[in-house]
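S.K.: When we follow UniProt numbering, the leftmost residue of the sequence shown carries the number 1, and every step to the right adds one.
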Amino acid sequence: MAPPSIGTHPSAADCGDDLCMAPASLSLSTPSALGTLFSLSPFIATFAVVSFGVATKVFPHLSRLQSSHDGEGHVLPASAPPTLRQAHAEHGARSPRRRIAAVTFAATIGLATVLAELILAEISDLVTPHARTVALRFTVPTLLFMLVVLIPFLELQSVVAGSGWSFQRTAKGRIPRVAWALQLAVFAGWLFVFWSLGQAVPANGGAAFDSSMGTAAAGHVESVGDVLVGGQLARACLERIGVIGISLMALLSGFASVSSPWHTFSDNRSYRKRPITDSDISRKQAGLDATSELLLTKRHRLRSLQRKLAEPGGAAGGGGGSLVGKMFGSLKGIAGGASGGDAAEVKALQMEISGLETMESNLATSLSLLRARQAAHARDGTALGKVLAVPSYVFSVYCVYRILATTLTTLRRMYYPAASFASSDPINRFLGLLAKHWDPKLDQMAWARQISFLLSGVILAASANSVLQTFHLFAKFTPGLLQHAQANFALLIGQIAATYVISAALLLRSSLPREVGRSVGDALESALEPSFVDRWFEGWFLLASAVTMAGIWIGRKLAGAGGGGGGGSGDYLDDWDDFAGEEM
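Quick look at the structure:
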């Protein structure tokens, strides 16, 4: 068929899909920059508001455990006046690492919130597909960079610095090469471990992903995977983050499922035997103040010795400027006199300071838990407290039920491979039926699996206080873990939140009809099969539950044997007190 001649109007038979379209209609198919910016304004506003609120309100509370350090080795005593404390805190807030951590934490939480908003916008189809795609082009790659590169780099740097290495320039202005070499080596190890996690993903899921990416690329909406190295790098990172997110939520929810019932039933029995009084809190506060003062004295002594050793001839130059004095000073240095004594004292002080820092951290955490428990038990004595205690008991019973049901499901899978907890749990089935009633096209089983994963986050959030108390119990036997967790607490919270949102989005994509998952489905497509997700999640959940139960039992036995109380009710009152008394 010959094309229409120039200057004549095409006939109806010669009209194609786009040939007979008016120029105005063609121009409307490509949104203008101003229209796209207007469509993106809700996401920009969400990112700005959430990031600003998190940076100004949440981050200072999460990082207050490290407020005594300003990043330059300056510390304050517990008896410092408020004005000096405020100046010290302002100086610490202006330190480069603290600023980077604050910006990273705020940006991660803000981007995770925007991603959740994009998923809701995709389900309800409130924003144009082009605007959603533009938002995903920025949100998903930036979140991947935060989770894979920036946050792990900052966390590992804190671990290396906590091990005794300094990243500050030396007195001669040189960069500490050994510390940075160790940092880069550890970071390279993290990247290797992260990439090795791809072996856990079933290989047969990649074909489904590739074919879906092909259909997505053929559509009108360009996916984020096509933007990032042909989709391969983005897909690989999303798969591994999905595996990490599912594993992390399974571990944390298993940890919380054991912690919540234990503290709900055990703490009430312990409180009846020995209530928490004001004298207990005063004794703990006095121990914390004494430890802080002793730690301050040790730090000042260490700094003076380090300055003395750093001075030219300061360690062995006690003979003045005469030839005889220099000769005797050199002989004393060779024989291990003043220099050797100062160096040995520096090493001893460093060990003592490390132990005192651990003790101070544990005493501060124990004091905070004591005050929280006293307030909670005082509230439980009122009528309102008794009413509010009912949901906690119901929640604890559900946690026990979930552990038992998951165990039975795992045993059933030996004979019925298709069995899963999400398909048998009555709560998940009920909520799945509600979702299917809302839209008959939805997959009920897929939504039951998604609800099961979301309930894991609810378990973790609802039992946050119990989780912190159980973590404090474990930290008594691994004090270094508590120090590193406190130093990176804000970054850990941001990392967990963003990973949870991405993992939930990966599962939610498979729970929706194909026509609903346009840009989000193309951007978050992965090879995570439903059966793999069930097995992976339930396995890690049971492992975390078993390890937590064993850890609590061993911790109570050791505490009872060491405290002479039979693992009794006063363990949380006497933590570290004997050790602190010996150090005093």
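C-beta: ideal position from N, C-alpha, C; glycine also.
All values derive from a computational prediction rather than experimental measurement.
Could you give the distance in angstroms between the alpha-carbon of ALA343 and the alpha-carbon of SER163?
M.R.: 18 Å
S.K.: I'd like the span of the alpha helix (DSSP H) that includes GLY35, first residue to last.
M.R.: Residues 33-53.
S.K.: Looking only at C-alpha atoms, which of THR104, ILE281, VAL547, TRP165 sits nearest to ALA497?
M.R.: THR104
S.K.: Using 8 Å as the threshold, is the C-beta distance between VAL50 and THR113 below it?
M.R.: yes
S.K.: From the beta carbon of SER368, is the nearest beta carbon of chain C less than 8 Å away?
M.R.: Reference to chain C is not applicable here, since this structure consists of a single protein chain.
S.K.: State buried or exposed for ALA135, treating a residue as buried only when at least 16 other CB atoms are found within 10 Å of its CB.
M.R.: buried
S.K.: Figure out for me which residue from GLU357, GLY198, VAL140, MET549 has the closest Cα to the Cα of LEU251.
M.R.: MET549
S.K.: Can you give, in chain order, each stretch of the beta strand (DSSP E) that sits fully within the region 106-140 and has at least 3 residues?
M.R.: Correct list: empty.
S.K.: Cβ of LEU182 within 8 Å of Cβ of ALA490?
M.R.: No; because the gap between Cβ atoms is not below 8 Å, this pair is not in contact.
S.K.: Could you give the DSSP three-state label for THR170: helix, strand or coil?
M.R.: coil
S.K.: DSSP three-state call for MET414: helix, strand or coil?
M.R.: coil
S.K.: Within 8 Å, do at least three Cβ pairs link the region 283-298 to the region 376-385?
M.R.: no
S.K.: Assign GLN495 to buried or exposed, taking buried as 16 or more other Cβ atoms, counted over all protein chains shown, within 10 Å of its Cβ.
M.R.: buried
S.K.: Quick one: Cα of THR56 to Cα of PHE47, how far?
M.R.: So the alpha carbons of these two residues sit roughly 14 Å apart.
S.K.: Quick check on the DSSP output: the alpha helix (DSSP H) that includes THR297 runs from which residue to which?
M.R.: 278-310
S.K.: Consult DSSP for GLU529 and reduce its assignment to one of helix, strand or coil.
M.R.: coil
S.K.: Nearest-angstrom Cα distance between residue 588 and LEU542?
M.R.: Since the displayed the chain opens at 1 and closes at 584, residue 588 lies outside it and no answer follows.
S.K.: Look at the alpha carbon of LEU302 and the alpha carbon of VAL140, and state the distance between them as a whole number of angstroms.
M.R.: Looking at the two C-alpha atoms, the distance is approximately 47 Å.
S.K.: Please determine, among GLU538, ILE244, TYR398, GLY341, the residue with the shortest C-alpha to C-alpha distance to TYR500.
M.R.: ILE244
S.K.: Going by CA-CA distance only, name the one from ARG132, ILE403, LEU147 that's closest to SER259.
M.R.: ILE403
S.K.: Is TRP540 helix, strand or coil when you go by DSSP?
M.R.: helix
S.K.: For ASN362, which of helix, strand or coil comes out of DSSP?
M.R.: helix
S.K.: Check whether the Cβ atoms of PHE194 and ALA544 sit closer than 8 Å, and answer yes or no.
M.R.: With respect to the 8 Å criterion, PHE194 and ALA544 are not classified as neighbours on the basis of their beta carbons.
S.K.: Applying the 10 Å Cβ sphere with the 16-neighbour rule, what's the burial state of LEU40?
M.R.: Label assigned to LEU40: buried.
S.K.: Does the beta-carbon distance from ALA200 to LEU144 come in below 8 Å?
M.R.: no
S.K.: In three-state DSSP terms, what is TRP176?
M.R.: It should be pointed out that residue 176 corresponds to Pro in this sequence rather than to Trp. Reduced to three states, the DSSP call for PRO176 is coil.
S.K.: Closest to PHE59 by CA distance: which of GLY110, ASN362, LEU156, ALA121 is it?
M.R.: GLY110
S.K.: Would you check if the distance between the CB atom of ILE281 and the CB atom of LEU370 is smaller than 8 Å?
M.R.: Yes, the Cβ-Cβ distance between ILE281 and LEU370 is below 8 Å.
S.K.: Roughly how many whole angstroms lie between the Cα atoms of GLU239 and THR128?
M.R.: 27 Å
S.K.: Who are the Cβ neighbours of TRP165 in its own chain at under 6 Å, not counting the five residues just before and after it?
M.R.: For TRP165, where only same-chain residues beyond five positions count, the Cβ hits under 6 Å are ALA179.
S.K.: Would DSSP call ARG99 helix, strand or coil?
M.R.: helix
S.K.: Could you check what DSSP says for PRO60 in three-state terms: helix, strand or coil?
M.R.: Helix.
S.K.: Taking the alpha helix (DSSP H) that ALA161 belongs to, which residues open and close that run?
M.R.: 151-162
S.K.: Drop a sphere of 10 angstroms on the beta-carbon of residue 588, count the other beta-carbons inside from all chains shown, and report buried for 16 or more, exposed for fewer.
M.R.: Summary: the structure shown does not reach residue 588, with the chain confined to residues 1 through 584, and so no result is reported for it.
S.K.: Since SER253 and GLU360 are thought to touch, with beta carbons under 8 Å apart, how far apart are those beta carbons, to the nearest angstrom?
M.R.: Between SER253 and GLU360 the beta-carbon gap is near 31 Å, outside 8 Å, which marks them as no contact.
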